[in-house]
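S.K.: All letters in the sequence shown, in the order written, are residues 3 to 235 by my numbering.
Think of the CB as a built atom: it goes at the ideal place given N, C-alpha and C, for glycine as much as any other residue.
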Amino acid sequence: MTTPKKSVFKEIGWFLRAPLALGRIVRLLARDVGYFRSVKNGEPRDQNDQEIPWFTYPALEAVEQWDLSTKRVFEFGTGHSTIYWSRHAAKVVGVENDPQWAARIESRVGSETTLLVEPDRSRYADRLMEMEEDFDVIVIDGIRRFQCVAPALARLSRGGVIILDNSDWHERSAARLRASGLLQVDMTGIGPINPYTWTTSFFFHREFDFPSRAARQPRHGRGSLRYDEEIEP
Numbered sequence: 003m004t005t006p007k008k009s010v011f012k013e014i015g016w017f018l019r020a021p022l023a024l025g026r027i028v029r030l031l032a033r034d035v036g037y038f039r040s041v042k043n044g045e046p047r048d049q050n051d052q053e054i055p056w057f058t059y060p061a062l063e064a065v066e067q068w069d070l071s072t073k074r075v076f077e078f079g080t081g082h083s084t085i086y087w088s089r090h091a092a093k094v095v096g097v098e099n100d101p102q103w104a105a106r107i108e109s110r111v112g113s114e115t116t117l118l119v120e121p122d123r124s125r126y127a128d129r130l131m132e133m134e135e136d137f138d139v140i141v142i143d144g145i146r147r148f149q150c151v152a153p154a155l156a157r158l159s160r161g162g163v164i165i166l167d168n169s170d171w172h173e174r175s176a177a178r179l180r181a182s183g184l185l186q187v188d189m190t191g192i193g194p195i196n197p198y199t200w201t202t203s204f205f206f207h208r209e210f211d212f213p214s215r216a217a218r219q220p221r222h223g224r225g226s227l228r229y230d231e232e233i234e235p
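1) If you follow the alpha helix (DSSP H) that Glu173 is in, where does it begin and where does it stop?
2) Counting pairs of Cβ atoms below 8 Å between the segment 48 to 60 and the segment 21 to 28, do you hit three or more?
3) Skipping 5 residues on each side, what residues in its chain have a beta carbon closer than 6 Å to that of Gly162?
4) Quick one: using the 10 Å Cβ neighbour count with 16 as the cut-off for buried, is Pro101 buried or exposed?
5) Quick test of your reading: Arg157 and Met131, contact by CB under 8 Å. State the CB separation rounded to the nearest angstrom.
6) Helix, strand or coil: how does DSSP classify Arg160 here?
7) Helix or strand or just coil, what does DSSP make of Ser109?
8) Please state whether DSSP places Leu70 in a helix, a strand or coil.
9) So Tyr126 and Val95 are in contact, right, with Cβ under 8 Å, and what is the actual spacing, rounded?
10) Run the CB neighbour count on Asp69, radius 10 Å, all protein chains shown included, and call it buried at 16 or more, exposed below.
11) Secondary structure at Arg218, three-state DSSP: helix, strand or coil?
12) Using DSSP with H/G/I as helix, E/B as strand and the rest coil, what is Gln49?
13) In this structure, does DSSP put Ile140 in helix, strand or coil?
14) What is the rounded straight-line gap between the Cα of Tyr229 and the Cα of Arg106?
15) Rounded to whole angstroms, what's the CA-CA distance from Arg221 to Ile27? Just pull it up for me.
16) State the DSSP-derived secondary structure class of Glu120, mapped to helix, strand or coil.
17) Which residue comes first and which comes last in the alpha helix (DSSP H) that contains Glu63?
18) Rounded to the nearest angstrom, what separates Arg178 and Val151 at their Cα positions?
19) Determine whether the beta carbon atoms of Phe204 and Ile165 lie at a separation below 8 Å.
20) Quick check: the segment 170 to 184 against the segment 111 to 122, are there 3 or more CB pairs under 8 Å?
21) For Val141 and Tyr37, what's the separation of their Cα atoms in angstroms?
22) Would you mind stating whether Asp188 and Ser214 have Cβ atoms separated by less than 8 Å?
23) Leaving aside the five residues before and after Glu108 along the sequence, list all residues of the same chain whose C-beta is less than 7 Å from its C-beta, in chain order.
24) So what does Glu2 bridge to, in DSSP terms?
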């Protein structure tokens, strides 16, 4: 039974611990994740000021473990993610409906990246079907997302993954991808810039097996406690 005196000490202890915990969370967001930098600049960037996809942080932690050096990426909707993919993937193709935005992104990527400008909304989703090859990663993060699902399914490589951002806002698109037999994994949490949570979903081909960039997987995440409980004495 808890006495009034013990209850008071418990409350005092909580008030003493809460500011410390909050301070650690603020430090994690500021130093380890780069969240406040992204809010200040209005751009999805990490703690090292590098461009990153505008996905949730849990999704980013997963993507950053993949070795994409031999992978082909197609994006519906371009942006800072295009710059990120261009640094890591063998080939990147993106379709963009805004010519001015496409020109801005194109000036910041390398020769392995091709941007297709398609302001005609009725042709936007079908630009993927014009490609001569399939893609290992297909990102649906632009306009007309439901219309992009069928081309994405048709051109996904065996063992690849489709990434649907804001999947909690696009339930029909998620349901259609799931119904195709792909394995859905939802990554809900905060992400760059936004002061709210959302969901970035992965839809994995059942033979997905991308190699890891690091010697261990999972790696220690940003701001994590770096323990190794299974090291033999």
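M.R.: This is what the structure holds:
1) Translated into positions along the sequence shown, residue 173 becomes position 171. Counting along the chain, the alpha helix (DSSP H) containing Glu173 begins and ends at 173 to 181.
2) Flag = no, the segment 48 to 60 and the segment 21 to 28 do not touch.
3) What you label residue 162 is simply residue 160 of the sequence shown in a count that begins at 1. Around Gly162, the same chain offers Asp138, His207 as residues with beta carbons nearer than 6 Å, after the five sequence neighbours per side are excluded.
4) The residue given as residue 101 occupies position 99 in the sequence shown. Counting Cβ neighbours within 10 Å, Pro101 comes out exposed, since fewer than 16 surround it.
5) As a working note, residue 157 is residue 155 in the sequence shown. As a working note, residue 131 is residue 129 in the sequence shown. Yes, Arg157 and Met131 are in contact; Cβ-Cβ is about 7 Å, under 8 Å.
6) By one-based count along the sequence shown, residue 160 stands at place 158. The answer is strand: DSSP assigns Arg160 an E or B state.
7) Your numbering for residue 109 matches position 107 in the sequence shown. Coil at Ser109, not helix or strand.
8) For the purposes of this step, residue 70 is taken as the residue at position 68 of the sequence shown. The three-state secondary structure of Leu70, taken from DSSP, is coil.
9) Counting from one through the sequence shown, the residue named residue 126 turns up at place 124. Counting from one through the sequence shown, the residue named residue 95 turns up at place 93. About 14 Å separates the two Cβ atoms, so there is no contact after all.
10) Working through the sequence shown from its first residue, we reach residue 69 at position 67. Classification for Asp69: exposed.
11) Translated into positions along the sequence shown, residue 218 becomes position 216. Coil.
12) Residue 49 sits at position 47 when you count from the first residue of the sequence shown. Looking at Gln49 - three-state DSSP - the assignment turns out to be coil, as it is neither helix nor strand.
13) Within the sequence shown, the letter at position 138 stands for residue 140. Strand.
14) Walking along the sequence shown from the start, residue 229 turns up at place 227. Walking along the sequence shown from the start, residue 106 turns up at place 104. Cα-Cα distance, rounded: 42 Å.
15) Translated into the one-based positions of the sequence shown, residue 221 becomes position 219. Translated into the one-based positions of the sequence shown, residue 27 becomes position 25. About 20 Å.
16) The residue labelled residue 120 in the question sits at position 118 within the sequence shown. Here Glu120 sits in coil by DSSP.
17) Looking up residue 63 in the sequence shown gives position 61. Residues 59 to 65.
18) For the purposes of this step, residue 178 is taken as residue 176 along the sequence shown, with counting starting at 1. For the purposes of this step, residue 151 is taken as residue 149 along the sequence shown, with counting starting at 1. Straight-line Cα distance between these residues: approximately 7 Å.
19) By 1-based counting over the sequence shown, the position of residue 204 is 202. By 1-based counting over the sequence shown, the position of residue 165 is 163. Against a cut-off of 8 Å, the Cβ pair of Ile165 and Phe204 comes out as a contact.
20) As far as the Cβ criterion goes, the segment 170 to 184 does not touch the segment 111 to 122, which means the pair count is below three.
21) The residue given as residue 141 occupies position 139 in the sequence shown. The residue given as residue 37 occupies position 35 in the sequence shown. About 23 Å.
22) Within the sequence shown, the letter at position 186 stands for residue 188. Within the sequence shown, the letter at position 212 stands for residue 214. Against a cut-off of 8 Å, the Cβ pair of Ser214 and Asp188 comes out as no contact.
23) For this step, residue 108 is matched to residue 106 along the sequence shown. Cβ within range, chain order: Leu117.
24) This structure cannot speak to residue 2, because the chain is shown only from 3 to 235.
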